[in-house]
Every structure is written in C-alpha cells, then in structure tokens.
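Right, one structure below, let's go through it.
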Amino acid sequence: MSKHYRLNVAALIFRLKADGKLQLLLGRRRDFPSCWQWPQGGVDEGESLEEAFHREVFEETGLKNLHIVAKIAKPIRYEFNEEGRKKFKPYKGQEQVYFIAKIPDGEPTADHLDSVKNKEFTELKWKNPTLAVKTAPAFKAKAYKNALKGLEKLSLA
1156 MSKHYRLNVA ALIFRLKADG KLQLLLGRRR DFPSCWQWPQ GGVDEGESLE
1206 EAFHREVFEE TGLKNLHIVA KIAKPIRYEF NEEGRKKFKP YKGQEQVYFI
1256 AKIPDGEPTA DHLDSVKNKE FTELKWKNPT LAVKTAPAFK AKAYKNALKG
1306 LEKLSLA
C-alpha cells in the first residue's frame, strides 16, 4: 500500500435470485440520498483486513457473522475529491480491498439498521450491482466499475 492512499475495506454482500441473477446489498446514503453504495470503511491500526471487514459491515448495517467467500485479487484505488482530501488529509485517495460475502441465515431487516449507532444508511436493499456505479460520485465510479469487473471474474453460483 502507498502511504498516499488510505487503506479501506469494501463489502460486496451478494445473493443469487431464483433466476440466477446476482444482487448486492446496497445502502441508501443518509448524506446523499440519491446514492446507493456497499458498506466500506477504513482499517484501524493493528486490525486485520478481515477484522476491519466485519467491523465495518456491522457498524454500517448491523449485520454480523457474514461468510466471506472470496476476495478480489488486487486492491482498487481511487482519488478523493476536494472534500475527501480535506477530510482524510494527508491521503489523496483510498486503496480498497474488496471482500465478497454472503449472509448465512435470513435477510437484512429494518431491525439491523435500528441497531446501528451512527447511521450512514437510511435503508438497505438488494439491488442490481450497477446501481452503485450509476449513483456513485464521479470520483468513485471507475473504482466501482472495476470492483464489479472483479466480481464478474468469480464463480459465485
């Protein structure tokens, strides 16, 4: 990892519909209601990537005990916009490690989000993966496209 990029984990939580189509669990952002994104966040000092994945998913969705089925081979970088550079100074962007995971039992409910303290999302829904790309801020869109390309390379059936 470059010292100029903040290490970050991202969670592509998926399910396969009866027709075989893949959906991702996306959250509607509280601060940008038109934006749907997957859970993601920074890695704390001394924390493994897997620990950060589970912590971030729980902090943002209230979901626990996810089953990691794969990891996208290479981290994906993006550069912050001006606001992000100020917020995460001295970093100029993020380097995201993508985990692919399933919820072992049941479905996410409103109760999961009710247990979240600092809500980043107002709702969670199973959506077509491309919605995250279509509603992403411009500076994240290419990284999100690359993440979905990495997801396509995996056999999840």
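In terms of our numbering, the sequence shown opens at residue 1156 and continues consecutively.
For each residue, glycine too, the CB sits at the ideal point set by N, CA and C.
Distances from the alpha-carbon of R1170 to those of D1199, T1290, H1222 and V1252 put H1222 closest. Cα atoms of E1214 and Y1246: separation of roughly 23 Å, rounded to the nearest angstrom. If you check the CB distance, I1168 and A1256 come in under 8 Å. Sequence-distant partners of R1161 (beyond 5 residues in either direction) whose C-beta falls short of 8 Å from its own C-beta, in its chain, are G1197, F1243, Y1246, G1248, Q1249 and E1250.
Per DSSP, E1275 lies in no beta strand (DSSP E) segment and is marked neither H nor E. Boundaries cannot be given for G1217, as no beta strand (DSSP E) includes it and DSSP labels it neither H nor E. By the beta-carbon neighbour count (other beta carbons within 10 angstroms, threshold 16), H1159 is exposed.
Inclusion of K1282 and L1179 in the CB contact set at 8 Å is warranted, their separation being smaller than that value.
In this structure, A1291 lies near Q1192, with their beta-carbon atoms less than 8 Å apart.
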